[in-house]
Structure formats: C-alpha cells, structure tokens
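Working notes, beginning with the structure itself.
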Amino acid sequence: MSVALLSVAAVALDALLGEPKRWHPLVAFGNFAGRIEQRFNAGGRGWRSHGVTAWVIAVLPLTLLATAFSWAPYVGWVVEILALYCALGMRSLGEHVAPVAAALRADDLDEARKRVGYLVSRQTDELDSTAVARAATESVLENGSDAVFAALFWFVVAGAPGVVLYRLSNTLDAMWGYRNERFERFGWAAAKIDDVLNYIPARLVALTYALLGETRLALKCWRTQAPKWDSPNAGPVMAAGAGALGVELGGPAIYHGELHDRPQLGEGAAADADSIDRGWQLVQRGVWLWLLILCVGAEFYA
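Each step along the sequence shown adds one to the number in the UniProt record's numbering, with nothing skipped, and position 242 is 242.
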C-alpha cells in the first residue's frame, strides 16, 4: 500500500475516532519518560550527558520495535496506519480549541481562561478576552505544525519508524525541554533534537499557511518577524500563520510566574473567537492540501 493511501487512512481514522480514549500510547510513554527523568535527573542534578542517555533509552528501543513490526509480512501496513494515527492530534486539537471560541462568544471569560489553560503553558487566570484568543490561535498554529504536519512529514520520509521517532522526541521536548533550573542541562538534548527534527517540517508548514491565506502578508511576517522569535521553528510557523490570517499575535505573556516580552507576530486585527476558528480551518485545509499532493505524486510516480 502506498504511503499516500496509508496517510489518508490514518488521517481518516483520526477524524472518525479522535485520540484513543481508554489507553493512549503517548500517555503511557509520558509516564515511562517521567520515571527515566527521576532516575537520571533527580533533584535537577542531571547533566547534558544524562539527558542524552535518557533520550536514547526512551526513544530508540521503541523506534526499533516500530521498525520490526512495520516490516512484518501481511500486517505491516496495519502497524504503519496505527503508528501515524496514534501520532496525529488533529481532531483532538479541534476539540480543545472549539470550547475556547465558544466561551468567548458567550462572554464567559472565566470558562475561556480555563479552557485555553489546557492548551498553553502560560498563566491564563488574568488574561483578557483578546489575550485568550491570541493564546488559542497561537496554539492552533503551532500545535498544528507539531502534532499534525510534522508527524505526516516524518511518516512520508521514513514510515512508522520515522513518525514514532519524531513523536516520541517531540513529547520529550514538551516534558524536558524547558530553560529552567531543573531542565537547563538535562533537557538540552531533547530540545535540540526536536529542533532538528522540526526544522524542515516547520518551514513547509509556514509555506502552506502562506499559500492558503494572505500570501504576501504571511511571507512578509515570516521574513521580518520569525527571526526575532526565540524558537527557530515556532517563529516561522506562527509568524506566517498570523500573517495568513491577518491577525496580530505574540506580545507579552507570563510563563511560570515570569513575564516574557515576546515580539509581535502577524499584522492586522486583534485576535478574537473568529481568529481561533479561522486558524483551525487553516490547519485543516493545509492537511487536505498535503494529502492531495501526496496522492497526486503517488499517481504520477506509479
């Protein structure tokens, strides 16, 4: 079965079922990674070498296992579909952002703050409605890149082993990749590996957002604003996405009690409930575009 059909099947499975409800492999992996971190970074005393060792122990055996199962005769294609399905978070992303937009439209700011708190790591209890909408729109654009497009990219490049390697690495970055006293040294490897794995997908996503929105403005924001962002991959994705939507994102935000004076992203109207919905629609259209390109490419090279 071609990679295009496998990708379509996995995306369709995600759209129909969403994330596994009873037992999610990434939740189990997160618990496993937490125990590894306690072993190698007790009290935040782990060094970079401990972080490298922990990453290898957490990621490589499961990647090799995925490789072996994907090569199994007769059932390998099922493993491929399931691996991508478990890595995708497309429907889940939509299910998390829709209540934020709904709460804003109902003028229920407390509910909107609570709901956006499930999506972002910044403090949300004092955000006004514009800041809530800004946070949710940023989350849609960035998580669309990490949890959907990058997973598709690595599946196309290397099948089940590629998507498992990427998704586990991305999960470790989310758990260990903080620049604070506990993870500054230990989480260095997880953060850098995730940066490398996301480098090409993030720029393809930025281009996708630009092509499907206000193209000139998106390209301008990507060129002028992304270099000012502290993340080499989130910068292009969110700058191009904000420009494509014609909305202003970025700006100051409080993380773990510390104010971060983030630069502006995008240009145009202030964020609101509509910008959240339009960001989610942009991600969806981008996925269908990628699948269309895959299917056309598969036919062309058949």
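Think of the CB as a built atom: it goes at the ideal place given N, C-alpha and C, for glycine as much as any other residue.
Here L16 is exposed, its C-beta having fewer than 16 other C-beta atoms within 10 Å. For H50, the uninterrupted alpha helix (DSSP H) segment begins and ends at R48 to S70. The continuous beta strand (DSSP E) containing L259 extends over residues E258 to H260.
Take the alpha-carbon of W222 and the one of G243: they are about 8 Å apart.
In the DSSP assignment, V140 falls within the unbroken alpha helix (DSSP H) covering S129 to G144. With a 10 Å radius around the Cβ and a threshold of 16 neighbouring Cβ atoms, R45 comes out exposed. The beta-bridge partner set that DSSP reports for V247 consists of A269. Per the C-alpha coordinates, the member of E267, I193 and L219 positioned closest to T53 is I193. Relative to I57, the option among H260, A160, F32 and E142 whose CA is nearest is F32.
Residue nearest to G279 within the set W290, V59 and G266 is G266 (criterion: CA-CA distance). Judged by DSSP in its simplified three-state form, R223 adopts helix. In the structure shown, A174 adopts helical secondary structure according to DSSP, grouped into three states. Excluding the 5 residues flanking it on each side, L219 has same chain C-beta neighbours closer than 6 Å at A210, in chain order. DSSP lists no beta-bridge partner residue for Y166. With contacts defined by Cβ atoms closer than 8 Å, L62 and V164 form a contacting pair. When Cβ pairs closer than 8 Å are counted between the two stretches, the region 169-177 is seen to touch the region 190-205, the count reaching three or more.
Secondary structure of Y85 (DSSP, three-state): helix.
Distance from the CA of G213 to the CA of F183, rounded to the nearest whole angstrom, comes to 37 Å.
E19 is the residue among L60, A131, E19 and A150 whose C-alpha sits nearest the C-alpha of C86.
In the three-state scheme derived from DSSP, where H, G and I count as helix and E and B as strand, A240 is classed as helix. Take I81, set aside five residues on each side of it, and the residues of its chain with a beta-carbon closer than 8 Å to its own are L6, A9, A10 and L13, in chain order. In this structure L93 is in contact with V140, their Cβ atoms being roughly 7 Å apart against a cut-off of 8 Å. Taken atom to atom, the span from the alpha-carbon of E258 to that of M238 is near 22 Å. Comparing alpha-carbon positions, the option among D110, L292 and L88 lying closest to T208 turns out to be L292. DSSP lists Y255 as the beta-bridge partner residues of R122. Burial state of G34 is exposed, judged by a 10 Å Cβ sphere holding fewer than 16 other Cβ atoms. With a contact defined as Cβ atoms closer than 8 Å, R105 and A273 qualify at about 5 Å. Counted as a single uninterrupted DSSP element, the alpha helix (DSSP H) harbouring H96 occupies residues M90 to R105. It is roughly 39 Å from the alpha-carbon of V247 to the alpha-carbon of R48. Cβ-Cβ distances below 8 Å link Y199 to P232 and N233 in the same chain, with the five nearest sequence neighbours on each side left out; the list follows chain order.
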